[in-house]
Amino acid sequence: TSLLNTKKKLESDLVQVQGEVDDAVQEARNAEEKAKKAITDAAMMAEELKKEQDTSAHLERMKKNLEVTVKDLQHRLDEAENLAMKGGKKQLQKLEQRVRELETEVEGEQRRGADAVKGVRKYERRVKELTYQTEEDKKNLARLQDLVDKLQLKVKAYKRQAE
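One point on numbering: in full-length UniProt numbering, the residue at position 13 of the sequence shown is 13, and numbering is uninterrupted.
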């Protein structure tokens with residue numbers, strides 16, 4: 001009778017531990033899914049960050065080129081002012097208008113460059129967040145795997161005792 005009771009108790013414990021193992025395995029699978037998704041998201045964010053950095057570099061080059069052009073036009077404007085003293089007022093007005101247009105373009109490029117830098121910073125923060133989350137998920141996955149391994153060892157021990 002006590003042997004039967006012990007057997008029933010062990011079988012009950014075995015069922016309970018098996019349930020715990022199943023739960024832990026499911027939890028591990030869920031954590032693994034989350035980790036995979038986080039890794040995918042991080043890769044996408046890194047790709048977008050690279051694009052933003054490329055755009056930012058391109059805008060910076062354009063800004064420098066426009067600044068050189070503005071300097072050149074300012075020089076030409078100065079020359080035109082000298083000519084205007086001799087009667088070339090129309091040419092002077094055209095050059096002044098062109099300088100204003102180019103200054104407006106430079107301002108627009110500077111705004112776009114600033115926006116691109118903001119975008120880059122935003123993606124850098126997101127990549128850091130996702131990297132941290134991925135590391136946390138990996139730690140959770142490792143803890144759950146350890147738990148599963150321990151529970152499986154218990155199940156084997158209970159099975160051996162039951163036999």
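We treat Cβ as the ideally placed atom computed from N, Cα and C, and that holds for glycine.
- Scanning Val-148, Lys-63, Lys-138 for the CA closest to the CA of Lys-34 turns up Lys-138.
- Around the C-beta of Ala-38, 16 or more other C-beta atoms lie within 10 Å, and the residue is accordingly described as buried.
- Restricting attention to Asp-78, Asp-54, Gln-93, Ala-28, the CA atom closest to the CA of Gly-113 is found in Asp-54.
- Uninterrupted beta strand (DSSP E) stretches at least 3 residues long and entirely within the region 8 to 65 do not occur.
- Met-45 counts as buried, since no fewer than 16 other beta carbons sit within 10 angstroms of its beta carbon.
- Note on Thr-104: under 16 other CB atoms within 10 angstroms of its CB, so exposed under the neighbour-count rule.
- Here the region 21 to 32 does not lie against the region 93 to 101, with fewer than 3 beta-carbon pairs under 8 angstroms apart.
- Ranked by Cα distance from Leu-95, the first of Met-85, Arg-111, Val-106, Leu-73 is Leu-73.
- In this structure, the alpha-carbon of Arg-125 lies about 15 angstroms from that of Lys-51.
- Non-local C-beta neighbours of Thr-69 in its own chain, meaning closer than 8 angstroms and more than five positions away in sequence, comprise Leu-102, ordered along the chain.
- Taking a C-beta distance under 8 angstroms as the contact criterion, Leu-49 and Tyr-132 do not qualify as a contact pair.
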